[in-house]
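Q:
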Amino acid sequence: MVSNNTIRIFIISLFSTLVFSACTRIGTSELGLGLLPSMDAYNTKDTTLDVITETVDRPDSMRVYGSDDHIVGNITNDPIFGTTNASMYFQVKPSFFPFFITGSKDSLVVDSAVLILSYKGFYGDTTKPVKVQLKRISAATPLDAFKLYASNYPELYNIKTDQNLGETTVDFAKIGDSLYTRFEASKNTIRIKLSKSFATQFLKEFDSNNAYRSDTTLRAYFPGFALTADESANKNVLLKINLLDTNTKLALYYNTNSTALSEVYKRDTAVVNFKFSIYNNADVNFIKRNRTGAEIAKHLDKVSNDSLVYVQTSPGTMVKVKIPGLKNFSNKIIHRAELIAEQVPTSAGAAGSLESQLLPPRYLFLGTYDTVSKAIRNVPNDFTGTTNASSFTQFGGKLIYKSINGYDNVASYNFNISRYVQGVISRTDSLFDFRIIAPVNDSITLVPPYPYNKQAPSQDYLTTAIGNQAATGRVVLGGGNRTKFKMRLHIYYSDL
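The opening position of the sequence shown corresponds to residue 1099 in this note's numbering, with each subsequent residue numbered one higher.
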């Protein structure tokens, strides 16, 4: 068996031979990563190959995990991509079971209850406030703590609510203000005050003999919270909320005969916090897209060589890319081959425009498409996984802004597929169709690089830390059948 060290030495040696036998000086490319020989010194040439592009739907199930930022809100005024509606459902629990509140129940005086949510940012229009509404999940459709829900198919679960619990207005100009009390020091929180009857139920009616006997019994007595946003005040904003952040909690304020500060002050207010646990609590973030009547609907799964292609962060759309010219490209030394994708700006990101509010995805992934398994795979030899930070960066896909064709702040994405192109023209490796996606917790089939590409593939993961937050990002790119902002494969090469 070949050792890992031997494999690494072989790959490094092969790469060094290909690069440094061809050049000793460094040039630049669109990717800005160097390793390109000077044209004057080494007779390096360049050419551009046309691509064929098409926008296609991406129906794969998408997951938003408990540790991810959850999305709540509505986008109902986007004529290009259509509407988005996002809601979240979740549970909280005390720090132990069977749970009890210290002191005599008869002496307990209920103060109040507040649901506090950690606000992590927004996507969209923050010029107007947004109202969020809290409801109780119906016991007829409880959450399952052991189920991973498909976020983009809420109709499969039909979770219902049965009681309004409270609401509040989020003012983006003030949400960053700090709050200091005896019980917390925080900022960037959304606070929803709950009714006195709710507080009484959790502080006096529930105890270790009924609801607080275990996490299972608590879920039976109180199935959880449902959080939505009212689109009437702000039609184009999504909130990001994190359940695991220490600021997120159900705070129950009370006093009993056991909360005395001193002999003089016999009673004083205390607080108990219920928090979200990824191990014991259920949660789901439903995100529903509707493209009916939007511009994208005219292009989706309809135009085989489109001049415009539409990428929407999951749950969203993707772009099919073919490069037929590679089939007859003669054998050469490839120094750099990069697929270049550029935004087609509609209003140059002017203040107050849709482009200035509904921003492009921060990361796009280029993969090959397995027509049998319907899985997205890595580009052979170029994308080697997310664990190697340097290799991951060199492959490209991160959002870069350019000034081009008279426009500033044009979103662009570049992908380094040099080794793939070299393999196709030198070893007659397979020619694949590509897919461009805006990933959210995506699983990628990872095929080892040549010469180990016959070994069993593994799985790699494009988490939200690497890719995008759910539903946040959309961009119109130039397709292959376009003059300005044209998607293209730019190749730097030397003749053999």
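By construction, the Cβ of each residue, glycine as well, lies at the ideal position given by its N, Cα and C atoms.
1) Could you give the distance in angstroms between the alpha-carbon of His1588 and the alpha-carbon of Thr1314?
2) Using a 10 Å radius around the Cβ and a threshold of 16 neighbouring Cβ atoms, would you call Lys1294 buried or exposed?
3) How close, in whole Å, do the beta carbons of Ala1349 and Ile1214 come, if the pair is a contact with beta carbons under 8 Å?
4) Between which two residues does the alpha helix (DSSP H) containing Asp1313 stretch?
5) State the beta-bridge partners of Leu1232 as determined by DSSP.
6) Starting from Ser1295, follow the alpha helix (DSSP H) in both directions and report where the run begins and ends.
7) Let me know if Ala1184 comes out buried or exposed under the rule of 16 or more other beta-carbons within 10 Å of its beta-carbon.
8) So what does DSSP say about Thr1491, is it helix, strand or coil?
9) If you reduce the DSSP assignment to three classes, tell me which class Lys1226 lands in.
10) Nearest by alpha-carbon distance to Leu1575: which of Ser1510, Ser1284, Leu1398 is it?
11) By how many angstroms is the C-alpha of Gly1494 removed from the C-alpha of Tyr1590?
12) List the whole-angstrom C-beta distance separating Gly1264 from Leu1292, where the pair is believed to meet the contact cut-off of C-beta under 8 Å.
13) Using the beta-carbon count (16 or more within 10 Å), is Phe1244 buried or exposed?
14) On the DSSP letters alone, give me the boundaries of the alpha helix (DSSP H) that Glu1303 sits inside.
15) If you count every other CB in all the chains shown that lies within 10 Å of the CB of Asp1381, and 16 or more means buried, which is it?
16) Does the distance from the C-beta atom of Asp1167 to that of Gln1567 stay below 8 Å?
17) Can you look up Asn1539 in the DSSP assignment and give me helix, strand or coil?
18) Applying the criterion that 16 or more other CB atoms from any shown protein chain within 10 Å of the CB defines a buried residue, is Thr1182 buried or exposed?
19) Can you list, in chain order, the residues of its chain with a C-beta nearer than 6 Å to that of Lys1500? Leave out the 5 residues immediately preceding and following it.
20) For Arg1580, which three-state DSSP category applies?
A: In this structure, then:
1) About 59 Å.
2) Around the beta carbon of Lys1294, fewer than 16 other beta carbons lie within 10 angstroms, which makes this residue exposed.
3) Sure, about 6 Å apart at Cβ, within 8 Å.
4) Element bounds for Asp1313: 1313-1319.
5) Looking at the DSSP output, Leu1232 sits in a beta bridge with Gly1264, Leu1325.
6) Counting along the chain, Ser1295 sits inside the alpha helix (DSSP H) bounded by residues 1294-1298.
7) Per the 10 Å Cβ criterion, buried.
8) Assignment of Thr1491 by DSSP, reduced to helix, strand and coil, places it in the helix class.
9) Of the three classes helix, strand and coil, the one that applies to Lys1226 here is coil, per DSSP.
10) Measuring from the Cα of Leu1575, the nearest candidate turns out to be Ser1510.
11) Rounded to whole angstroms, Tyr1590 and Gly1494 show a C-alpha spacing of 17 Å.
12) Yes, they are in contact, since the Cβ atoms of Gly1264 and Leu1292 sit about 5 Å apart, within 8 Å.
13) So Phe1244 counts as exposed.
14) That residue, Glu1303, is in no alpha helix (DSSP H); it is neither H nor E in DSSP.
15) By the neighbour-count criterion, in which a residue is buried when 16 or more other Cβ atoms sit within 10 angstroms of its Cβ, Asp1381 is buried.
16) In contact: Asp1167 and Gln1567 (Cβ atoms closer than 8 Å).
17) Reduced to three states, the DSSP call for Asn1539 is coil.
18) Counting Cβ neighbours within 10 Å, Thr1182 comes out buried, since at least 16 surround it.
19) These residues qualify, in order along the chain: Val1508, Ser1510.
20) The answer is coil: DSSP assigns Arg1580 none of H, G, I, E or B.
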